[in-house]
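Novice: Once you've had a glance at the structure underneath, I'll fire off some questions.
There are 2 protein chains.
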Amino acid sequence: MKTINVAIVGYGVVGNGVAKILEEKRELIRKKSNVDINLKKVFTRNWNKKFPYEIDKSKRVNSIDDILNDEDIDIIVEVVGGIEFPYKLMMEAINKNKNIVTANKALLAEKGKEIFKEAEKKNIRIGFEAAVAGGIPIIKALREGLIANNINKIYGILNGTTNYILTSMYKEGKDFKTALSEAQKEGYAEADPTLDINGTDAAHKIAILSSLAFGGYVDFSKIYKEGIENIDILDIELGKELGYILKLLAIGKAHGEEVEIRVNPTFLPANHPLSKVDGVFNAVMVEGDSVGETMFYGKGAGSLPTASAVVSDIVDIAKSISLNIGREIEITSLNWQHKDLNLTKVKDFFTRYYVRFTVPDITGILAKVATIFAKYNISIAAVIQKEKVLQKYQKNDEKIVPLVILTHTASENSIQKAIKEIEENNLTREKTVLIRVEDEDR
Amino acid sequence: MKTINVAIVGYGVVGNGVAKILEEKRELIRKKSNVDINLKKVFTRNWNKKFPYEIDKSKRVNSIDDILNDEDIDIIVEVVGGIEFPYKLMMEAINKNKNIVTANKALLAEKGKEIFKEAEKKNIRIGFEAAVAGGIPIIKALREGLIANNINKIYGILNGTTNYILTSMYKEGKDFKTALSEAQKEGYAEADPTLDINGTDAAHKIAILSSLAFGGYVDFSKIYKEGIENIDILDIELGKELGYILKLLAIGKAHGEEVEIRVNPTFLPANHPLSKVDGVFNAVMVEGDSVGETMFYGKGAGSLPTASAVVSDIVDIAKSISLNIGREIEITSLNWQHKDLNLTKVKDFFTRYYVRFTVPDITGILAKVATIFAKYNISIAAVIQKEKVLQKYQKNDEKIVPLVILTHTASENSIQKAIKEIEENNLTREKTVLIRVEDEDR
Ligand SMILES: NC(=O)c1ccc[n+]([C@@H]2O[C@H](COP(=O)([O-])OP(=O)(O)OC[C@H]3O[C@@H](n4cnc5c(N)ncnc54)[C@H](OP(=O)(O)O)[C@@H]3O)[C@@H](O)[C@H]2O)c1
Ligand SMILES: NC(=O)c1ccc[n+]([C@@H]2O[C@H](COP(=O)([O-])OP(=O)(O)OC[C@H]3O[C@@H](n4cnc5c(N)ncnc54)[C@H](OP(=O)(O)O)[C@@H]3O)[C@@H](O)[C@H]2O)c1
Numbered sequence: 007m008k009t010i011n012v013a014i015v016g017y018g019v020v021g022n023g024v025a026k027i028l029e030e031k032r033e034l035i036r037k038k039s040n041v042d043i044n045l046k047k048v049f050t051r052n053w054n055k056k057f058p059y060e061i062d063k064s065k066r067v068n069s070i071d072d073i074l075n076d077e078d079i080d081i082i083v084e085v086v087g088g089i090e091f092p093y094k095l096m097m098e099a100i101n102k103n104k105n106i107v108t109a110n111k112a113l114l115a116e117k118g119k120e121i122f123k124e125a126e127k128k129n130i131r132i133g134f135e136a137a138v139a140g141g142i143p144i145i146k147a148l149r150e151g152l153i154a155n156n157i158n159k160i161y162g163i164l165n166g167t168t169n170y171i172l173t174s175m176y177k178e179g180k181d182f183k184t185a186l187s188e189a190q191k192e193g194y195a196e197a198d199p200t201l202d203i204n205g206t207d208a209a210h211k212i213a214i215l216s217s218l219a220f221g222g223y224v225d226f227s228k229i230y231k232e233g234i235e236n237i238d239i240l241d242i243e244l245g246k247e248l249g250y251i252l253k254l255l256a257i258g259k260a261h262g263e264e265v266e267i268r269v270n271p272t273f274l275p276a277n278h279p280l281s282k283v284d285g286v287f288n289a290v291m292v293e294g295d296s297v298g299e300t301m302f303y304g305k306g307a308g309s310l311p312t313a314s315a316v317v318s319d320i321v322d323i324a325k326s327i328s329l330n331i332g333r334e335i336e337i338t339s340l341n342w343q344h345k346d347l348n349l350t351k352v353k354d355f356f357t358r359y360y361v362r363f364t365v366p367d368i369t370g371i372l373a374k375v376a377t378i379f380a381k382y383n384i385s386i387a388a389v390i391q392k393e394k395v396l397q398k399y400q401k402n403d404e405k406i407v408p409l410v411i412l413t414h415t416a417s418e419n420s421i422q423k424a425i426k427e428i429e430e431n432n433l434t435r436e437k438t439v440l441i442r443v444e445d446e447d448r
Numbered sequence: 007m008k009t010i011n012v013a014i015v016g017y018g019v020v021g022n023g024v025a026k027i028l029e030e031k032r033e034l035i036r037k038k039s040n041v042d043i044n045l046k047k048v049f050t051r052n053w054n055k056k057f058p059y060e061i062d063k064s065k066r067v068n069s070i071d072d073i074l075n076d077e078d079i080d081i082i083v084e085v086v087g088g089i090e091f092p093y094k095l096m097m098e099a100i101n102k103n104k105n106i107v108t109a110n111k112a113l114l115a116e117k118g119k120e121i122f123k124e125a126e127k128k129n130i131r132i133g134f135e136a137a138v139a140g141g142i143p144i145i146k147a148l149r150e151g152l153i154a155n156n157i158n159k160i161y162g163i164l165n166g167t168t169n170y171i172l173t174s175m176y177k178e179g180k181d182f183k184t185a186l187s188e189a190q191k192e193g194y195a196e197a198d199p200t201l202d203i204n205g206t207d208a209a210h211k212i213a214i215l216s217s218l219a220f221g222g223y224v225d226f227s228k229i230y231k232e233g234i235e236n237i238d239i240l241d242i243e244l245g246k247e248l249g250y251i252l253k254l255l256a257i258g259k260a261h262g263e264e265v266e267i268r269v270n271p272t273f274l275p276a277n278h279p280l281s282k283v284d285g286v287f288n289a290v291m292v293e294g295d296s297v298g299e300t301m302f303y304g305k306g307a308g309s310l311p312t313a314s315a316v317v318s319d320i321v322d323i324a325k326s327i328s329l330n331i332g333r334e335i336e337i338t339s340l341n342w343q344h345k346d347l348n349l350t351k352v353k354d355f356f357t358r359y360y361v362r363f364t365v366p367d368i369t370g371i372l373a374k375v376a377t378i379f380a381k382y383n384i385s386i387a388a389v390i391q392k393e394k395v396l397q398k399y400q401k402n403d404e405k406i407v408p409l410v411i412l413t414h415t416a417s418e419n420s421i422q423k424a425i426k427e428i429e430e431n432n433l434t435r436e437k438t439v440l441i442r443v444e445d446e447d448r
């Protein structure tokens, strides 16, 4: 049995988990996979602290070159995070003929094109199962398990922090700020949670999934994204009355030659499988033309769940090294058809909408709003008109109430125009709230 | 690019789906996997009928030897069903150095040991993704995606027919017979549904999953199984009051050197991820020591979903053939540690129980029942004592009512003894109903 040598770069949350699994499960992995994996070296910038998993001093190195120049090292695990340092590291590693396993979705979403191009030239494999949805083997499912499918749609809950916050808003009626600060206290949100909250993290992940699902490179900078920072608990409650649950969904849908990719707060029917995904759990729904609907559910983050995915990549690559095969065995990389995907423009999104107008409580408002919707050919599925006075918007003696319209499928363009016209006609008193709805027309 | 030749044996529901995918998606598969797969021959016993996917006459053969003796054929797809014929076929195929892909769970559960032994000798691969949970790539997840895990527990809804029936009993209050005959009308239950209804089909599947998860061969004949044929709608309703949903679960749990494997109707908390799996859908929950809880959900049967799994196996094997590697790349077969798993005896099951006694409505019954439970050290978590008179059990002027006891975790042995003693003390009027509960003690 051949021994494959691995080095870890970055010794934080994920790095510690990977080291622990590789050392404690060396025998289990040998039994299951017929390869022997030896953790040879670990690099981080500061060894002067305590680690959750203490690695033997003999394996600690203080220079990245100690790894890059070690000819025995077959696989480098990049779990540093960030962009510049790991980008440079990967390019060097590829040029030294080292295979790579990474959990870095930001890097792959933003620089994946260059990295995979280089890797292809050198016949180098890059494993990135851990970059999306932590321990859930969704990358493998897309590349291998569902290979017989054209994927029509892939969507899911890809960020645990925001799902934790939305779950506590929904279940406990907390407002966004309270829910966020509690999530931070519990360790489910970082001190600076910006990239989670504003949808960037989920956008990185759906960029990667869409590349695999639809067969081309996604220009991350063009992905439409909206975070949860402005979600009003009022809309969660009104949505509940319509049978909906609010989730931050990352969505990729094929429309002929175009792909609609977006991250936005989304209303889902309460009986949708993704609606039951609570707290920090992640789940990805894949619709394939052969298999139909499938869902993959599990922990999207955390030391050992993420390391579980990293190690599965290490084993896959180790097997191909020990069998002397290169990346031929790798089905698809991020640019597998060597083309760029065309992203659907926002104005061409085509979905259902929840629109909440903040209107004065006077007769005739609904008629006026409905008339403008009709003008833009937007068909209305349901209306909630409430007695409920919105105290916080009260300015003079005009009573302010919410008016919610749930539409059938419509184009974003028409909706935006209708809202604009309604606002310009002075029918509303606050900015209109628009939330996309993932539900079939009935 | 090498062309790999495939033959299909058996041209029914699954066979038609496989042919359709292989022919219509040849180009897609080539792009994604770098192998070219050619469907060369199809064998079935009767070509004189219409098929959902008509295969070209030139590919139809009338003798299995036409396939076995064709040196160009690399992979045989067995989708005949049954035991004897496919067993003989596989043994011959192995000896002719042909790799095999099968959807036949019955065969693998009952004869897998012999088949895999032979396959190992000859360095032949056997793909069986389609044998469990149809299109859901759960076999690959266990073998590869979750390789860094010791699996503690694997359980799920593995039979669509029974799940369809239980869903309509739960949601529409139908009794078993009505629900079954409707399922038959809708095409969700076969004319002879015995093997689905009595748990045999789910037992075949959990035998296969447990082999992979726990690393040893499972003697199928020793698996404890109970079907849904005797489920009374009354228990579904009483369970609902306790917050439970009834599912036919197939369960494998590791207890040190033993594995508890069973198929039985099971109460699950309504908020458990498996409780939301309705109708013909399947789902498998896997608990790994690194990854935590993961769930895989999708269609467990049907022509194209099942074929999707068959084709993913074909592609995997085709890749290894084209790279000139044998089964070394295959992580685990059904007997991967070449040992037999020790199954926990029924009397040693250790779980929570729902017990419904049918008792006369007189004072003191609960006290007596509770006393006997206490004697056997069974701790009671909840009681439902109902005014509701069970007309159908009424014989004289004694009023008959249900008395439900939900226990904390207890051994099957104690429960059985307690029930026996209660029945022997003439406290009950009908056979006591016992349903195992998959829920944490609180
Ligand atoms: N945490 C998760 O659950 C999770 C899940 C999925 C994916 N990921 C991804 O995995 C990667 C690592 O995440 P993490 O949570 O493990 O991060 P982390 O806990 O912050 O660990 C990063 C490690 O890299 C070291 N490091 C940072 N910059 C360095 C540099 N320039 N030179 C040398 N060492 C450097 C850090 O050292 P110091 O301790 O000295 O700062 C630390 O040891 C990220 O790409 C992240 O997106 C994480
Ligand atoms: N159907 C599903 O959704 C599903 C899902 C997962 C797994 N599976 C498994 O897949 C296998 C096939 O199932 P299926 O639903 O496709 O069965 P099916 O529709 O009954 O097809 C079986 C095919 O094999 C032929 N056949 C049967 N015995 C034969 C013999 N002795 N010699 C030659 N041909 C013979 C049949 O011919 P005739 O038409 O002349 O009888 C028919 O073409 C089974 O092991 C099943 O458990 C099925």
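Sequence order for the protein chains is A and B. Numbers given in this note's numbering equal positions in the first sequence, counted from 1, plus 6. Numbers given in this note's numbering equal positions in the second sequence, counted from 1, plus 6. Cβ atoms here follow ideal geometry from the backbone N, Cα and C, with glycine treated the same way. The structure presented is a predicted model; accordingly, all values stated were derived computationally and were not measured.
Do you know how far the Cα of LYS128 of chain B is from the Cα of ASN101 of chain B?
Specialist: The sequence position of residue 101 of chain B within the second sequence is 95, counting from 1. The sequence position of residue 128 of chain B within the second sequence is 122, counting from 1. For ASN101 of chain B and LYS128 of chain B, the distance between alpha carbons rounds to 7 Å.
Novice: Return the CA-CA distance between ILE79 of chain A and LEU148 of chain B, expressed in angstroms with no decimal places.
Specialist: Here the question's residue 79 of chain A lines up with position 73 in the first sequence. Here the question's residue 148 of chain B lines up with position 142 in the second sequence. Looking at the two C-alpha atoms, the distance is approximately 28 Å.
Novice: Among the candidates B:LYS31, B:LYS37, B:ASN22, whose CA atom is the shortest distance from the CA of PHE49 of chain B?
Specialist: Stepping through the second sequence from its first residue, residue 49 of chain B is reached at position 43. Ranking the options by Cα distance to PHE49 of chain B, first place goes to B:ASN22.
Novice: Kindly list the residues whose CB is nearer than 7 Å to the CB of ALA99 of chain A, restricted to its own chain and excluding five residues on each side of it in sequence; keep chain order.
Specialist: As a working mapping, residue 99 of chain A is identified with position 93 in the first sequence. Excluding positions up to five away in sequence, the list reads LEU74, ILE82, ILE106.
Novice: Note down, in chain order, every chain A residue with its Cβ under 9 Å from the Cβ of ASN432 of chain B.
Specialist: The residue labelled residue 432 of chain B in the question sits at position 426 within the second sequence. The contacting residues do not exist; ASN432 of chain B stays about 45 Å from chain A at best.
Novice: If you measure from the CB of ASN52 of chain B, is any heavy atom of ligand 4 nearer than 7 Å?
Specialist: In the structure shown, ligand 4 is absent; the only ligands present are ligand 1 and ligand 2.
Novice: Among all the DSSP beta bridges, which residues are the ones paired with VAL443 of chain A?
Specialist: The sequence position of residue 443 of chain A within the first sequence is 437, counting from 1. In the DSSP output, where bridge partners are listed per residue, VAL443 of chain A has A:PHE273, A:ARG358.
Novice: Run down chain A in chain order and give the residues with a C-beta less than 8 Å from the C-beta of PRO311 of chain B.
Specialist: Your numbering for residue 311 of chain B matches position 305 in the second sequence. Residues of chain A passing the Cβ test: SER296, VAL297, GLY298.
Novice: Can you give the Cα-Cα distance for GLY308 of chain A and VAL19 of chain A, rounded to whole angstroms?
Specialist: Taking the first sequence and counting its residues from 1, the one referred to as residue 308 of chain A is at position 302. Taking the first sequence and counting its residues from 1, the one referred to as residue 19 of chain A is at position 13. Each residue's Cα considered, the two are about 7 Å apart.
Novice: DSSP beta-bridge partners for PHE49 of chain B?
Specialist: For the purposes of this step, residue 49 of chain B is identified with residue 43 of the second sequence, where counting begins at 1. DSSP lists B:VAL15, B:VAL67 as partners of PHE49 of chain B.
Novice: Report yes if the C-beta distance between THR58 of chain A and LEU240 of chain A is below 8 Å; otherwise report no.
Specialist: Here residue 58 of chain A refers to the residue found at position 52 of the first sequence. Here residue 240 of chain A refers to the residue found at position 234 of the first sequence. Reading the sequence as shown, one finds Pro at residue 58 of chain A and not Thr. Cβ distance not < 8 Å, so PRO58 of chain A and LEU240 of chain A don't count as in contact.
Novice: State yes or no: is the C-beta of VAL19 of chain A nearer than 7 Å to some heavy atom of ligand 1?
Specialist: Position 13 of the first sequence, counted from the first residue, corresponds to residue 19 of chain A. Indeed, a heavy atom of ligand 1 lies less than 7 Å from the Cβ.
Novice: Going by beta-carbon coordinates alone, are LEU412 of chain B and ALA388 of chain B separated by less than 8 Å?
Specialist: Working through the second sequence from its first residue, we reach residue 412 of chain B at position 406. Working through the second sequence from its first residue, we reach residue 388 of chain B at position 382. A contact, by the Cβ cut-off of 8 Å.
Novice: Can you give, in chain order, each stretch of the beta strand (DSSP E) that sits fully within the region 151-210 of chain A and has at least 3 residues?
Specialist: 157-163, all fully within the region 151-210 of chain A.
Novice: Quick one: grab the DSSP three-state call for THR312 of chain B.
Specialist: Here residue 312 of chain B corresponds to residue number 306 of the second sequence, with the count starting at 1. Three-state DSSP puts THR312 of chain B in a helix.
Novice: May I ask you to report which of helix, strand or coil DSSP gives ILE61 of chain B?
Specialist: As a first step, residue 61 of chain B is located in the second sequence; it is residue number 55 there, counting from the start. ILE61 of chain B falls in the coil class under three-state DSSP.
Novice: Using 8 Å as the cut-off, can you tell me whether the region 185-203 of chain A makes contact with the region 308-324 of chain A, which would need three or more C-beta pairs spanning the two stretches below that distance?
Specialist: Contact between the region 185-203 of chain A and the region 308-324 of chain A is absent, because fewer than three Cβ pairs lie under 8 Å.
Novice: Going by alpha carbons, who is nearest to LYS31 of chain A out of B:ASN155, B:ASN11, B:GLU266?
Specialist: Counting from one through the first sequence, the residue named residue 31 of chain A turns up at place 25. Closest option to LYS31 of chain A, Cα to Cα, is B:ASN155.
Novice: With a threshold of 8 Å between beta carbons, is LEU20 of chain A in contact with chain B?
Specialist: Locating residue 20 of chain A in the first sequence gives position 14, where the first residue counts as 1. Looking at the sequence provided, one finds Val at residue 20 of chain A rather than Leu. Output row for VAL20 of chain A: interface = no.
Novice: Using a Cβ-Cβ distance under 8 Å, would ILE70 of chain B count as near chain D?
Specialist: The structure shown has no chain D; the protein chains it does contain are A and B.
Novice: Report the start-end ranges of each beta strand (DSSP E) in the region 392-420 of chain B that is 3 residues or longer and not cut off at the edges.
Specialist: Qualifying beta strand (DSSP E) stretches, in chain order: 406-413.
Novice: Taking just the CA atoms, how far does ILE35 of chain A sit from GLU150 of chain B?
Specialist: Here residue 150 of chain B refers to the residue found at position 144 when the second sequence is read from its first residue. Here residue 35 of chain A refers to the residue found at position 29 when the first sequence is read from its first residue. If you take the alpha carbons of GLU150 of chain B and ILE35 of chain A, they lie about 10 Å apart.
Novice: Beta carbon of ALA137 of chain A, beta carbon of THR184 of chain A: below 8 Å?
Specialist: Translated into the one-based positions of the first sequence, residue 137 of chain A becomes position 131. Translated into the one-based positions of the first sequence, residue 184 of chain A becomes position 178. No; because the gap between Cβ atoms is not below 8 Å, this pair is not in contact.
Novice: Quick one: Cα of PRO275 of chain B to Cα of GLU429 of chain B, how far?
Specialist: For the purposes of this step, residue 275 of chain B is identified with residue 269 of the second sequence, where counting begins at 1. For the purposes of this step, residue 429 of chain B is identified with residue 423 of the second sequence, where counting begins at 1. Going by the C-alpha atoms only, they are around 29 Å apart.
Novice: Determine which residues share a DSSP beta bridge with VAL290 of chain A and list them.
Specialist: For the purposes of this step, residue 290 of chain A is identified with residue 284 of the first sequence, where counting begins at 1. Paired residues: A:GLY162, A:PHE302.
Novice: Determine whether the Cβ of VAL67 of chain B lies closer than 8 Å to any Cβ atom of chain A.
Specialist: By one-based count along the second sequence, residue 67 of chain B stands at place 61. So, not an interface residue.
Novice: At least one CB of chain B closer than 8 Å to the CB of PHE302 of chain A: is that the case?
Specialist: The residue labelled residue 302 of chain A in the question sits at position 296 within the first sequence. Yes, because at least one Cβ of chain B sits closer than 8 Å to the Cβ of PHE302 of chain A.
Novice: One question on the structure: do LEU164 of chain A and GLY306 of chain A come within less than 8 Å of each other, judged by their Cβ atoms?
Specialist: One-based indexing of the first sequence puts residue 164 of chain A at position 158. One-based indexing of the first sequence puts residue 306 of chain A at position 300. Result yes, Cβ atoms of LEU164 of chain A and GLY306 of chain A sit closer than 8 Å.
Novice: Name, in chain order, the residues that DSSP records as bridge partners for ALA453 of chain A.
Specialist: Because chain A spans 7 through 448 in this model, residue 453 of chain A falls outside it and cannot be assessed.
Novice: Express the C-alpha separation of ILE257 of chain B and GLY205 of chain B in angstroms, rounding to a whole number.
Specialist: By 1-based counting over the second sequence, the position of residue 205 of chain B is 199. By 1-based counting over the second sequence, the position of residue 257 of chain B is 251. Distance between the alpha carbons of GLY205 of chain B and ILE257 of chain B: 12 Å.
Novice: Can you give me the start and stop residues for the alpha helix (DSSP H) that ASN101 of chain B sits inside?
Specialist: Here residue 101 of chain B corresponds to residue number 95 of the second sequence, with the count starting at 1. Its alpha helix (DSSP H) spans residues 90-101.
Novice: GLY151 of chain B versus chain A: which residues are under 7 Å apart at the beta carbon?
Specialist: Looking up residue 151 of chain B in the second sequence gives position 145. What GLY151 of chain B touches in chain A: PRO143, LYS146, SER318.
Novice: For THR364 of chain B, count the other beta carbons within 10 Å of its own beta carbon; 16 or more makes it buried, fewer makes it exposed. Which is it?
Specialist: The sequence position of residue 364 of chain B within the second sequence is 358, counting from 1. Buried is the call here.
Novice: By the DSSP assignment, the beta strand (DSSP E) with THR108 of chain B in it spans what residues?
Specialist: Here residue 108 of chain B refers to the residue found at position 102 when the second sequence is read from its first residue. Note, THR108 of chain B: beta strand (DSSP E), 105-108.
Novice: How long is the line joining the alpha carbons of LYS452 of chain A and ILE242 of chain B, rounded to whole angstroms?
Specialist: No statement about residue 452 of chain A is possible, as the shown extent of chain A runs from 7 to 448 and does not include it.
Novice: DSSP three-state label for ILE132 of chain A, please.
Specialist: In the first sequence, residue 132 of chain A corresponds to position 126, counting from 1. Of the three classes helix, strand and coil, the one that applies to ILE132 of chain A here is strand, per DSSP.
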